[in-house]
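A.B. asks: Can you read through this structure? Questions will come right after.
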Amino acid sequence: MEQKELKEEYGNLCKKHGLPKFEQLDGEFEIRAIELNRSGILIKAILRAMTNKLGMFMNYIEPVISAPPQNLHALIEMRNLSENDRSGMFEFYKEISVLLHENISTELKTEKEIAQQIKKIYKAWPDIKKKEIIFLDKITSAWKKREENPTVKAEYSG
3 MEQKELKEEY GNLCKKHGLP KFEQLDGEFE IRAIELNRSG ILIKAILRAM TNKLGMFMNY
63 IEPVISAPPQ NLHALIEMRN LSENDRSGMF EFYKEISVLL HENISTELKT EKEIAQQIKK
123 IYKAWPDIKK KEIIFLDKIT SAWKKREENP TVKAEYSG
């Protein structure tokens with residue numbers, strides 16, 4: 003679907019359900035990439051784009067809060083973050099998980115309920131994004147710490 007058509011169809015949804023402006027939603031969730039001929043119903047495709055972004059955030063944090071024993075990368079990150087940081091990440095992970103599961107469930111519901119969920123996620127998004135940036139910065143800083151022998155300290159047995 004061309005962007006003009008996409009914006010037009012989104013404009014109709016926006017008027018009907020009071021959704022954020024196209025540019026606002028696109029700026030955060032890149033909805034301009036939606037191809038309706040492949041994605042199906044626009045409002046569901048938008049919710050899926052939001053769900054994908056939440057899932058991506060979860061994927062960045064999950065190894066740090068629950069490092070698989072054979073994953074040296076995650077073990078080093080986990081080892082170089084404080085218990086307080088990991089605890090905060092876990093709470094954030096749970097918060098995102100709730101939203102992700104709500105999104106999956108909501109996609110099976112009415113257009114009105116999907117629109118309400120999109121508005122809910124969009125409203126919460128600045129806080130979610132802020133927390134994600136903080137946690138990603140902490141993970142990046144963990145890599146800047148010097149650890150004597152990370153393979154021994156992390157008990158890597160690969």
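Residue numbers for the sequence shown follow our numbering, so the first one is 3 and each next one is one higher.
Even glycine gets a Cβ: it sits at the ideal position worked out from N, Cα and C.
The model shown is predicted, which means the values in this text are computed figures rather than measured ones.
In three-state terms, what does DSSP make of Glu-104?
C.D. replies: helix
A.B. asks: Would you mind stating whether Leu-21 and Thr-53 have Cβ atoms separated by less than 8 Å?
C.D. replies: no
A.B. asks: Our contact map puts Tyr-95 next to Leu-44 with C-beta atoms below 8 Å; I'd like the distance itself, whole angstroms only.
C.D. replies: Actually they do not touch by this definition, with Cβ atoms about 30 Å apart.
A.B. asks: What's the call for Ile-106, buried or exposed, on a 16-neighbour Cβ count within 10 Å?
C.D. replies: By the Cβ-count criterion, Ile-106 is exposed, with fewer than 16 other Cβ atoms from all chains shown falling within 10 Å of its own Cβ.
A.B. asks: Measure the C-alpha to C-alpha separation of Asn-39 and Lys-121 and round it to an integer number of angstroms.
C.D. replies: 24 Å
A.B. asks: Spatial neighbours of Lys-55 within its chain, please: C-beta separation below 7 Å, excluding the five flanking residues on both sides.
C.D. replies: Phe-31
A.B. asks: Assign Gln-5 to one of two classes, buried (16 or more other C-beta atoms within 10 Å of its C-beta) or exposed (fewer than that).
C.D. replies: exposed
A.B. asks: Consult DSSP for Arg-148 and reduce its assignment to one of helix, strand or coil.
C.D. replies: coil
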